[in-house]
Amino acid sequence: MKRVIVGITGGIAAYKAAEVVRGLCTRGIEVHVLMTEAATRFITPLTMQTLSGNPVVVDMFAEPRLWNVQHVAYARRADLVLVAPATASFIGRLAAGIADDMVCATILATKAPVVIAPAMNSQMYRHPAVQANLDRLRDMGYHLIAPEEGELACGERGEGRLAEVARIIAEVLKHLERKADLAGKNIMITAGPTREYIDPVRFVSNPSSGKMGYALAGAARDRGARVVLVSGPTALRPPSGVQVIPVTTTAEMLAAVLEHFPEMDVVIKAAAVVDYRPQTTAEQKLKKGSDKLVLTLERNPDILKLLGERKGDKILVGFAAETQSLVENAREKIKAKNLDLIVANDVGQRGAGFGTDTNIATIIRRDGTMREIPLCSKQELAHHILDEVVALTGGERG
Ligand code: PMT
11 MKRVIVGITG GIAAYKAAEV VRGLCTRGIE VHVLMTEAAT RFITPLTMQT LSGNPVVVDM
71 FAEPRLWNVQ HVAYARRADL VLVAPATASF IGRLAAGIAD DMVCATILAT KAPVVIAPAM
131 NSQMYRHPAV QANLDRLRDM GYHLIAPEEG ELACGERGEG RLAEVARIIA EVLKHLERKA
191 DLAGKNIMIT AGPTREYIDP VRFVSNPSSG KMGYALAGAA RDRGARVVLV SGPTALRPPS
251 GVQVIPVTTT AEMLAAVLEH FPEMDVVIKA AAVVDYRPQT TAEQKLKKGS DKLVLTLERN
311 PDILKLLGER KGDKILVGFA AETQSLVENA REKIKAKNLD LIVANDVGQR GAGFGTDTNI
371 ATIIRRDGTM REIPLCSKQE LAHHILDEVV ALTGGERG
């Protein structure tokens, strides 16, 4: 039987947590509820205890003999932790790592997947501080269920309403069903841009944020793989439990990838590698001497192509960032680079490609068959790609 910890924090949507708990229990899931003090102003622990059939914990200090181990016990026993609703202040506390209530303390101590469903007034939701905290949680590998638009308890309309109960339950079930289907596999993922220096303070690069590659690294780790993440310069916090090799130039990325290639089962190249580098790099900062500066660029090695030439029975997945003839160009790259799969990324579309939290892609297999993935989070796309990888390793496609 799967065990889910449901954390409830203090917002008006707390009453909907009752429906969530009931929905999980009727699907045979063992549910334990933790509430913040503020949540008890909106719904009683007795209601949640009756629905879950288990004692509800609110006060970390109510049982002085137990308090220091209780959150760790919950954290260890959980198959998943869900927080619904998650208020702005809870999100801020968790993003800052403040463990002064049972919900935060349990999450900080758990290795289980954590799903968070925010709900609040739309102005609060859009506030840069709240958005920055949500970004932090996303970077830490927590799964967010975006709130919906609609009538809010405060009488306003807008984004901030707790996601529908059915959507929350479906998300929880999806994560519970996810198997450790990459256990025992070694996976290398490249992420972010490379940089090619013109002089000590200027470089040629591209706007890759690393989000796609980092999402893949976190997803592969969650599915049991040993992950090596070769990362160009990004502002992201690497997912925990992943071996990170920071690189700057294409030559450095090539060296890191070739060093680890022999021990890998799967390589996924999400990095946006700079194709051309300045023929020479000035040792000192270039002076503004004339109105024009002509740079001579020379080709960088194609890392993925080099891997394709020595692929053996390893699984090789490439990305194709395209602004036109998406599928045709991606198919060409499968052949030219000897790949098993390519993720064709139409980077000209809104919500897709460089820097966004979401993506749109077509996954194309070597035999030419395709799977279109409509707009979804980069985490979700990462799992779709890994489903295909699992299918290639002989497992079931999810
Ligand atoms: O990092 P984000 O902001 O999240 O953005 C994600 C992304 C848009 C960078 C990502 O989804 C993506 O599309 N990555 C591939 C970008 C790219 O370089 O595409 P390409 O079509 O130029 O290259 C094809 C493949 O060859 C890629 O797997 C690339 O890593 C690889 N390549 C390219 C050139 C080169 N010299 N060496 C390579 O290995």
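Numbering (the numbering used here), first residue to last: 11 to 408.
Glycine included, every Cβ here is placed at the ideal spot set by N, Cα and C.
All values derive from a computational prediction rather than experimental measurement.
Spatially closest choice to residue i from the options, by CA coordinates
{"i": "Val353", "options": "Glu158, His394 and Tyr207", "result": "His394"}
{"i": "Gly170", "options": "Val113, Arg247 and Asn131", "result": "Asn131"}
{"i": "Phe100", "options": "Ser62, Val140 and Ala83", "result": "Val140"}
{"i": "Glu262", "options": "Arg247, Lys184 and Gly242", "result": "Gly242"}
{"i": "Thr333", "options": "Arg360, Gly168 and Ala142", "result": "Arg360"}
{"i": "Glu308", "options": "Val284, Gln59 and Ser300", "result": "Val284"}
{"i": "Val252", "options": "Ala127, Val240 and Thr259", "result": "Val240"}
{"i": "Asn64", "options": "Val16, Arg103, Thr50 and Gly102", "result": "Val16"}
{"i": "Asn348", "options": "Ile313, Gly102 and Met274", "result": "Ile313"}
{"i": "Tyr135", "options": "Gly168, Met70 and Pro272", "result": "Gly168"}
{"i": "Gly358", "options": "Ala122, Gly378, Ala330 and Arg341", "result": "Ala330"}
{"i": "Val175", "options": "Phe364, Lys343, Lys26 and Glu382", "result": "Lys26"}
{"i": "Phe71", "options": "Ala115, Thr379 and Ala96", "result": "Ala115"}
{"i": "Arg146", "options": "Glu161, Arg177 and Gly102", "result": "Gly102"}
{"i": "Arg287", "options": "Leu162, Tyr207 and Gly365", "result": "Tyr207"}
{"i": "Phe52", "options": "Leu305, Leu391 and Gly21", "result": "Gly21"}
{"i": "Cys164", "options": "Ala142, Gln133, Val182 and Met150", "result": "Gln133"}
{"i": "Ala28", "options": "Ile39, Thr60 and Gly160", "result": "Thr60"}
{"i": "Thr260", "options": "Lys343, Asn310 and Arg381", "result": "Asn310"}
{"i": "Ile374", "options": "Val277, Arg148 and Glu342", "result": "Glu342"}
{"i": "Ser219", "options": "Val41, Thr366, Gly378 and Lys298", "result": "Thr366"}
Coarse secondary structure for residue i, derived from DSSP in three states
{"i": "Gln294", "result": "coil"}
{"i": "Met112", "result": "helix"}
{"i": "Arg37", "result": "coil"}
{"i": "Leu3", "result": "Residue 3 cannot be examined here, being either before or after the span of the chain that is shown, 11 to 408."}
{"i": "Pro272", "result": "helix"}
{"i": "Pro55", "result": "helix"}
{"i": "Ile101", "result": "helix"}
{"i": "Lys279", "result": "strand"}
{"i": "Val66", "result": "coil"}
{"i": "Val304", "result": "coil"}
{"i": "Leu192", "result": "coil"}
{"i": "Arg87", "result": "helix"}
{"i": "Gly17", "result": "strand"}
{"i": "Val125", "result": "strand"}
{"i": "Val284", "result": "coil"}
{"i": "Arg320", "result": "coil"}
{"i": "Glu47", "result": "coil"}
{"i": "Arg375", "result": "strand"}
{"i": "Trp77", "result": "The pLDDT assigned to Trp77 is 47, lower than 50, so where the model puts this residue is not dependable, and the model offers no usable value."}
Whether residue i touches residue j by CB criterion (7 Å)
{"i": "Leu469", "j": "Ala362", "result": "Only positions 11 to 408 of the chain appear in this structure, which leaves residue 469 out of reach."}
{"i": "Val462", "j": "Ala245", "result": "For residue 462 there is no data in the structure shown, the boundaries of the chain being 11 and 408."}
{"i": "Val14", "j": "Leu34", "result": "yes"}
{"i": "Gly228", "j": "Ala193", "result": "no"}
{"i": "Leu118", "j": "Ala109", "result": "yes"}
{"i": "Arg236", "j": "Pro249", "result": "no"}
{"i": "Thr372", "j": "Ser387", "result": "no"}
{"i": "Asn339", "j": "Ala282", "result": "no"}
{"i": "Val30", "j": "Ala98", "result": "no"}
{"i": "Pro157", "j": "Pro128", "result": "yes"}
{"i": "Thr54", "j": "Val113", "result": "no"}
{"i": "Val124", "j": "Val82", "result": "no"}
{"i": "Ile126", "j": "Leu154", "result": "yes"}
{"i": "Thr120", "j": "Ala88", "result": "yes"}
{"i": "Ile18", "j": "Ala49", "result": "yes"}
{"i": "Lys184", "j": "Asp275", "result": "no"}
{"i": "Gly328", "j": "Lys279", "result": "yes"}
{"i": "Met58", "j": "Val67", "result": "no"}
{"i": "Lys12", "j": "Leu144", "result": "no"}
{"i": "Ile325", "j": "Val400", "result": "no"}
{"i": "Met198", "j": "Val277", "result": "yes"}
For this session: Note down, one range per segment and in chain order, each alpha helix (DSSP H) of at least 4 residues found wholly within the region 194-264.
Result: 221-232
For this session: Would you check if there are 3 or more beta carbon pairs closer than 8 Å linking the region 314-329 to the region 266-275?
Result: By the Cβ test, the region 314-329 is in contact with the region 266-275, since at least three Cβ pairs between them sit closer than 8 Å.
For this session: Please specify which runs of the beta strand (DSSP E), each continuous and at least 3 residues long, are wholly inside the region 345-373, giving them in chain order.
Result: 351-356
For this session: Determine, using beta-carbon pairs with one atom in the region 186-202 and one in the region 340-359, whether at least three such pairs fall under 8 Å.
Result: For the pair of segments examined, the region 186-202 was found not to touch the region 340-359: the number of CB pairs separated by less than 8 Å stays below three.
Exercise. Hey, is the region 209-216 in contact with the region 285-292, meaning 3+ C-beta pairs nearer than 8 Å?
Worked result: Under the Cβ criterion (8 Å, minimum of three pairs), the region 209-216 counts as touching the region 285-292.
For this session: Quick one: which unbroken beta strand (DSSP E) runs of 3-plus residues sit fully inside the region 133-189? Chain order, please.
Result: Taken in chain order, the unbroken stretches of beta strand (DSSP E) that lie wholly in the region 133-189 and span 3 residues or more are 158-161 and 167-171.
For this session: Report yes or no: do three or more beta-carbon pairs, one from the region 216-225 and one from the region 198-206, lie closer than 8 Å?
Result: yes
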